[in-house]
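Written out below as structure tokens is the structure these notes cover.
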Amino acid sequence: MHTLERYPDSNIFAIPILSKFLLYAPLHHLAALVDLTAARRLRDSLLAGAPIAHEPLNDIARLLASDAEAERAPSPKRGDFIPPFLGLLPTRGCNLACQYCGFLTPQESWQVMDLELARDAVNWYVDVTSRAGLQHVEIHYFGGEPFCAEEVVDLTVHLARTRAAEAGGTVRFEVTTNGTFSEKRCRWAADHLDTIVLSLDGPADVHDHHRPYPDGRGSFEAAARSARILSEGSADLFLRACVTSETVERLPQIAAWFCEHFRPRGVCFEPLQPSAPSRTVQLEPPDPWAFAHNFIQAARVLESHGVEPVYAAADIQARRVTFCPAGQDVAIVSPDGTVSACYLLQRDWEARGLDLRLGRVADGTVQLKADAVASARDLNVHNKPLCARCFCKWHCAGGCHVNHTPAGPPGDYDRLCVQTRIITLRNVLKAMDQHDLAWAWLQEREAVARSVCQPSDLLLDLEETP
Amino acid sequence: MNGTLIYRCTPSIAWVRDASQTLAVNEETGQSWTLRGVEAVVWDLLTAGYAYHRIVTLLALIFSLSAAEAEQTLASLLRRWQETDLVRVSEEAKDGESDHQCSV
Amino acid sequence: MANLTISAVCNQRCPYCFTADHLNGAGPSQHFLDSGDFEARLDFLDRSGIDQARLLGGEPTLHPQFSALVERARGRNKTIVVFTNGLIPAASLACLENLPATACSVLVNVNETARMSTSEAGEAIFERQRATIRRLGERAMVGFNVYRPDFRPEFLLPLIAETGCRPAVRLGLAHPCLSGENRYVCPHQYVAIGQKIVRFARRAADAGVRVEFDCGFVRCMFAEQDLETLTALGADVGWRCNPILDVGLDGQVIHCYPLSRLGGLPLTPQTDAPALRKAFESRARPYRQAGIFRECSTCPFKVSGVCPGGCLAATMRRFRHTPFALVCDSQRDGRPASARSPRLKPGVRPETSQEAAP
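Chains as they are written, first to last, in the working numbering: chain W, 11 to 476; chain S, 12 to 115; chain H, 97 to 454.
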């Protein structure tokens with residue numbers, strides 16, 4: 011492979027798609043289908059700095075060679091700590107006992123954030139963003155189940171709205187919820203919040219199996235009722251379905267069922283993240299190839315209904331160095347006042363040798379440690395060798411820093427990488443209106459494997475790819 | 012029950028929460044109210060089912076008021092709404108109502 | 097303008113039908129309008145200065161005396177406008193065929209399901225509609241109601257070409273009845289629908305077909321550029337929501353079918369359309385401060401009167417009815433409740449809020 015020190019441009023990629031190559035340079039806003047000969051000529055032109063006789067190819071070569079035509083590569087945060095959004099965990103408690111949930115422990119579960127602590131966190135956030143001249147603020151609620159601490163949500167929504175209005179700005183609210191609240195609370199959410207991510211794993215047989223109440227009753231009826239109400243409301247509804255090895259082949263049918271019964275803005279299909287509880291009940295994540303294949307089929311169903319399919323790591327509009335809040339300067343406030351870069355449990359970070367605490371809410375404000383902020387900012391794709399030569403790197407950014415930590419060399423892709431690369435390739439081809447090609451490619455497992463398993467996607471490494 | 016007031020939503024009131032205000036309408040008379048700022052917040056807390064003293068606590072936190080100021084704000088609002096018939100007040104509790112919010 | 101319901105019976109079951117609230121309760125004695133009552137309807141049109149007799153249902157052409165009613169309306173120099181599903185009995189179809197094209201306009205609502213259906217029944221419906229439109233020729237215009245975001249109206253273009261009907265498509269957005277029991281598109285789907293409409297309008301223009309908008313479209317569902325495109329293509333673009341004045345079989349006049357549950361006003365020998373319109377506008381005024389989106393009340397298009405904020409029925413469905421009773425006991429010691437939230441017991445939510453009694 012060419013060393014990246016000698017050829018600093020690591021943002022031009024060539025991926026085999028059946029008999030062609032997808033030339034992909036996201037920072038140059040370029041995607042093109044070329045044959046192997048053309049790809050080699052482009053590579054040689056870039057290496058030698060020499061023009062190509064063939065005019066259309068030469069245009070591409072000129073574009074790729076020009077720094078002026080490219081976006082700057084995304085870089086880690088620097089300077090003042092200005093959160094793009096404030097994360098609030100009103101409680102880690104939850105009224106469900108989902109089979110795969112690794113979030114809850116007896117000691118941490120049931121604390122609810124004090125109202126004064128919540129007030130201080132919101133006030134600090136609005137002050138920080140106001141001083142930075144930002145007109146728009148966002149608050150995201152996670153849990154546990156945020157609506158198990160309704161009063162905290164009510165307080166902070168009204169406080170943030172009041173403070174934003176005083177500053178002449180706007181505020182958006184997003185919540186991730188199990189949707190089992192009362193109908194009244196559901197309508198409140200539809201009226202007051204902007205984005206609602208509601209966990210609904212599929213029809214009743216799937217959902218009730220995965221997400222029962224502690225007494226074993228299924229929660230489908232309540233969640234589905236909420237999804238129906240929210241479908242008509244003003245908030246953007248995203249249905250979020252956890253996918254296991256048992257349900258992966260049903261994704262297209264589940265997608266159709268979602269479209270028939272609800273009116274979401276989007277549907278997120280997320281592969282199961284293994285946890286101790288999921289292992290106990292023998293719930294397994296789906297095979298990545300099966301997940302990618304079925305996700306894409308489900309995506310076609312959703313798109314035909316005007317519903318956005320979401321697999322966040324494959325968002326080709328994204329330009330980022332970190333996939334999750336950690337590294338984005340997001341402040342996530344836990345019920346006990348700890349401010350962290352991540353909403354996962356501390357024991358999970360510690361298991362990976364990470365400390366993602368940034369500070370705490372104290373004395374009426376948020377006190378952050380500069381070295382903790384710096385450490386969080388170091389969690390970015392520039393420090394992930396695995397991603398160095400992957401065409402997904404500015405979209406996926408290496409995935410979750412806690413749950414996705416493969417230590418292999420460039421190209422040593424794991425299951426997450428495989429499904430992300432397949433779905434991202436499909437998304438690029440779709441953006442190019444190459445639907446037929448994408449479909450034909452997906453039907454040939456060997457062709458997909460060739461695309462997905464090449465250790466380096468760099469155009470400059472084309473000849474040396476085994 | 013001496014000194015106990017009960018504020019009830021006037022019958023036939025329908026309301027909608029918009030981006031920056033709450034609009035309430037009496038569907039029988041056509042009278043309407045546009046509630047902004049603290050009015051919209053109080054209306055929201057009332058319709059969410061909060062008890063009197065929780066509303067006072069929340070108002071104090073949201074608007075940086077003392078408890079007394081928050082209580083005065085709430086009382087003043089309720090009086091004004093009573094005058095414009097957005098809410099109605101009675102002096103006795105119905106059976107089953109005690110010192111917390113209940114919906115009728 | 098006023099629509100006269102002459103039939104509560106229909107030979108289709110369109111999922112979006114907005115008469116669901118109004119007609120579902122009709123008893124056996126109210127299937128068709130009595131001819132004497134039809135005369136009263138014509139009187140109403142005369143004193144209102146309306147020169148169109150707009151006939152509605154159910155399916156209006158199923159009325160056993162359809163031809164006679166049309167003749168009476170023509171006797172009063174009314175232009176006949178019929179809203180139909182195209183499954184017209186032979187006698188009624190012959191009646192319409194015999195009317196001069198300048199005096200007759202038949203809007204045939206064609207559903208995609210009929211075209212797309214693989215069942216014999218679905219194919220048969222579409223063939224009948226096609227035959228009807230062919231026979232009516234330039235009297236007919238095709239209507240299409242968008243009730244799901246994955247709509248595909250392109251099949252209408254060859255239909256228009258081969259039947260010789262008016263080169264136009266009247267696009268409608270399926271709106272909710274107040275009960276919400278019909279199938280409709282939600283406002284948050286409007287932008288995506290708007291983009292599809294623009295694509296369709298381009299293809300229609302290539303085929304020499306114009307697009308017209310029914311009521312309830314909103315300004316913000318189209319980007320500025322798309323609006324310019326539609327205008328350039330000759331589309332009849334409009335943001336309308338007004339009292340239609342649907343006159344029911346029972347002599348009650350309602351704002352429009354989706355709002356039938358709002359109540360109606362009686363049709364008396366004295367009432368006329370302008371007065372009724374004014375009365376309904378007055379009734380609707382409090383709700384009109386809002387719109388179908390949260391942002392409507394402060395939207396510059398709405399504030400300036402360009403856009404009314406979408407379908408009033410959709411707007412009214414956003415309104416809540418939440419009775420409450422706040423007990424204020426001045427005998428308490430005045431201590432406010434603690435700002436410290438209670439510890440959450442497993443499986444129990446905090447006691448600060450209660451569910452409304454059903």
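Every residue gets a Cβ at the ideal spot worked out from N, C-alpha and C, and that includes glycine.
| query | How is F401 (chain W) classed by DSSP in three states: helix, strand or coil? | reply | Position 391 of the first sequence holds residue 401 (chain W). In the structure shown, F401 (chain W) adopts coil according to DSSP, grouped into three states.
### Alpha-carbon spacing of L28 (chain W) relative to Q307 (chain W), whole angstroms
If you number the first sequence from 1, residue 28 (chain W) lands on position 18. If you number the first sequence from 1, residue 307 (chain W) lands on position 297. Looking at the two C-alpha atoms, the distance is approximately 19 Å.
Q: Could you name the residues that DSSP lists as bridge partners for I149 (chain W)?
A: Start at 1 with the first residue of the first sequence, and residue 149 (chain W) comes out as number 139. Note: I149 (chain W) sits in a beta bridge opposite W:L96 and W:F183.
Report task. Identify whether G337 (chain W) lies in helix, strand or coil by the three-state DSSP scheme. Result -> By 1-based counting over the first sequence, the position of residue 337 (chain W) is 327. Taken through DSSP and simplified to helix, strand or coil, G337 (chain W) comes out as coil.
- Query: Along chain W, which residues have their Cβ under 8 Å away from the Cβ of A288 (chain H)?
  - Reply: Within the third sequence, numbered from 1, the residue matching residue 288 (chain H) stands at position 192. Among the residues of chain W, those whose CB is under 8 Å from the CB of A288 (chain H) are G316, following chain order.
* Of all the residues that make up the region 251–281 of chain W, which are near chain H by a beta-carbon distance shorter than 7 Å? -> Residues of the region 251–281 of chain W whose Cβ lies closer than 7 Å to any Cβ of chain H, in chain order: R273 and R275.
| message | Rounded to whole angstroms, what is the Cα-Cα separation between P156 (chain H) and G179 (chain W)? | response | Residue numbering aside, residue 156 (chain H) sits at position 60 when the third sequence is read from its first letter. Residue numbering aside, residue 179 (chain W) sits at position 169 when the first sequence is read from its first letter. Spanning the two alpha carbons is a distance of roughly 54 Å.
Span of the alpha helix (DSSP H) holding E324 (chain H)?
-> Within the third sequence, residue 324 (chain H) is the residue found at index 228, counting from 1. Its alpha helix (DSSP H) spans residues E320 to A328.
Which whole-angstrom value is the C-beta distance of V242 (chain H) and L203 (chain H), which I expect to be below 8 Å? As a first step, residue 242 (chain H) must be located in the third sequence, where it is residue number 146. As a first step, residue 203 (chain H) must be located in the third sequence, where it is residue number 107. L203 (chain H) and V242 (chain H) do not touch by the CB rule: their CB atoms are close to 15 Å apart, not below 8 Å.
message: Within the continuous alpha helix (DSSP H) that includes D45 (chain W), where are the two ends?
response: On the first sequence, residue 45 (chain W) is found 35 positions in, with the first residue counted as 1. Counting along the chain, D45 (chain W) falls outside any alpha helix (DSSP H), and DSSP gives it neither H nor E.
(Q) Please give me, in chain order, every unbroken run of the alpha helix (DSSP H) with length at least 4 that falls completely inside the region 374–434 of chain W. (A) Segments of the alpha helix (DSSP H) lying fully in the region 374–434 of chain W: 380–387 and 403–406.
Per DSSP, T33 (chain S) forms a beta bridge with which residues?
Along the second sequence, read from residue 1 onward, the residue named residue 33 (chain S) stands at position 22. As a beta-bridge residue in DSSP terms, T33 (chain S) pairs with S:R28 and S:L46.
| task | Check each candidate in H:A328, H:L141 and H:F114 and name the one with the smallest Cα separation from L363 (chain H). | result | Mapped onto the third sequence, residue 363 (chain H) falls at position 267. With distances taken between Cα atoms, L363 (chain H) lies closest to H:L141.
For Q148 (chain H), list the residues DSSP reports as bridge partners.
In the third sequence, residue 148 (chain H) corresponds to position 52, counting from 1. Beta-bridge pairing by DSSP links Q148 (chain H) to H:T175.
Q | CA nearest to the CA of W335 (chain H), picked from H:C273, H:G387 and H:K174 | A | Translated into positions along the third sequence, residue 335 (chain H) becomes position 239. Taking only the C-alpha atoms, the option nearest W335 (chain H) is H:G387.
- May I ask you to report which of helix, strand or coil DSSP gives K292 (chain H)? Indexing the third sequence from 1 puts residue 292 (chain H) at position 196. The answer is helix: DSSP assigns K292 (chain H) an H, G or I state.
Legend entry - DSSP three-state assignment for N6 (chain W), whether helix, strand or coil: Lying outside 11 to 476, the shown extent of chain W, residue 6 (chain W) is not represented and no answer is given.
message: Please state the DSSP three-state secondary structure of I342 (chain W).
response: Residue numbering aside, residue 342 (chain W) sits at position 332 when the first sequence is read from its first letter. I342 (chain W) falls in the strand class under three-state DSSP.
Under 9 Å, do L312 (chain W) and V277 (chain W) count as touching if we go by C-beta distance?
Within the first sequence, numbered from 1, the residue matching residue 312 (chain W) stands at position 302. Within the first sequence, numbered from 1, the residue matching residue 277 (chain W) stands at position 267. Yes; because the gap between Cβ atoms is below 9 Å, this pair is in contact.
**Prompt:** What is the C-beta distance between W26 (chain S) and R416 (chain H), in whole angstroms, given that I count them as a contact (C-beta under 8 Å)?
**Reply:** Here residue 26 (chain S) refers to the residue found at position 15 when the second sequence is read from its first residue. Here residue 416 (chain H) refers to the residue found at position 320 when the third sequence is read from its first residue. The C-beta separation of W26 (chain S) from R416 (chain H) comes to about 6 Å, placing the pair in contact by the 8 Å criterion.
**OP:** Find the residues of chain W that neighbour R28 (chain S), judging by a C-beta separation of less than 8 Å, and give them in chain order.
**Re:** On the second sequence, residue 28 (chain S) is found 17 positions in, with the first residue counted as 1. Residues of chain W passing the Cβ test: D201 and H202.
Based on DSSP bridge pairs, tell me the residues matched to Y34 (chain W). Residue numbering aside, residue 34 (chain W) sits at position 24 when the first sequence is read from its first letter. Under DSSP, Y34 (chain W) shares a beta bridge with W:F23 and W:A41.
**Asked** Looking at the unbroken beta strand (DSSP E) that takes in S23 (chain S), where does it start and where does it end?
**Response** On the second sequence, residue 23 (chain S) is found 12 positions in, with the first residue counted as 1. From DSSP, S23 (chain S) is part of no beta strand (DSSP E); its letter is neither H nor E.
*Buried or exposed: Q327 (chain W), going by 16 or more other Cβ atoms within 10 Å of its Cβ?*
Numbered from 1 along the first sequence, position 317 holds the residue referred to as residue 327 (chain W). Here Q327 (chain W) is exposed. Its C-beta has fewer than 16 other C-beta atoms within 10 Å.
Just the Cα atoms here: how many angstroms apart are L355 (chain H) and P339 (chain H)? Indexing the third sequence from 1 puts residue 355 (chain H) at position 259. Indexing the third sequence from 1 puts residue 339 (chain H) at position 243. Cα to Cα, L355 (chain H) sits roughly 10 Å from P339 (chain H).
Does chain W have any CB closer than 9 Å to the CB of K292 (chain H)? To locate residue 292 (chain H), count along the third sequence from 1; it is residue 196. Cβ-Cβ to chain W under 9 Å: yes for K292 (chain H).
Query raised in the report: In chain order, what residues of the same chain have a beta carbon less than 7 Å from the beta carbon of A93 (chain H), not counting five sequence neighbours either side?
Result: Any answer about residue 93 (chain H) is impossible in this case: the structure gives chain H only from 97 up to 454.
Exercise for review: Could you name the residues of chain W that Q285 (chain H) contacts, counting a contact when the two beta carbons are closer than 8 Å?
Suggested key: In the third sequence, the residue the question calls residue 285 (chain H) occupies position 189. Within 8 Å Cβ-Cβ: R273 and G316.
**OP:** Following the continuous beta strand (DSSP E) through N205 (chain H), name the residue where it begins and the one where it ends.
**Re:** Here residue 205 (chain H) refers to the residue found at position 109 of the third sequence. It spans C200 to N205 - the beta strand (DSSP E) in which N205 (chain H) sits, taken as one unbroken run.
With R99 (chain S) as the anchor, note down where its beta strand (DSSP E) starts and where it stops. Position 88 of the second sequence, counting from 1, holds the residue named residue 99 (chain S). Note, R99 (chain S): beta strand (DSSP E), V98 to S101.
Between which residues of its own chain and I146 (chain H) is the CB-CB distance below 7 Å, once the five residues before and five after are set aside?
What you label residue 146 (chain H) is simply residue 50 of the third sequence in a count that begins at 1. The residues are M97, A98 and A369.
Practice problem: Name the two residues that bound the continuous beta strand (DSSP E) containing Q348 (chain H). | Solution: The residue you call residue 348 (chain H) lines up with position 252 of the third sequence. Counting along the chain, the beta strand (DSSP E) containing Q348 (chain H) begins and ends at Q348 to I350.
Practice item. Spell out whether any CB of chain H is found under 9 Å from the CB atom of K494 (chain W). Key: There is no way to answer for residue 494 (chain W), as the model of chain W reaches only from 11 to 476.
List the residues that DSSP assigns as beta-bridge partners of C252 (chain W). Taking the first residue of the first sequence as position 1, residue 252 (chain W) is located at position 242. Residue pairing for C252 (chain W): DSSP places it in a beta bridge opposite W:E280.
Beta-carbon neighbours of F389 (chain H), restricted to chain W and to distances below 9 Å: Numbered from 1 along the third sequence, position 293 holds the residue referred to as residue 389 (chain H). Taking the beta carbon of F389 (chain H) as reference, the chain W residues within 9 Å of it are S244, listed in sequence order.
Exercise. In chain W, which residues lie less than 7 Å from A59 (chain S) when you measure between Cβ atoms?
Worked result: As a first step, residue 59 (chain S) must be located in the second sequence, where it is residue number 48. Listed along the chain, the chain W residues whose CB falls inside 7 Å of the CB of A59 (chain S) are D164 and W198.
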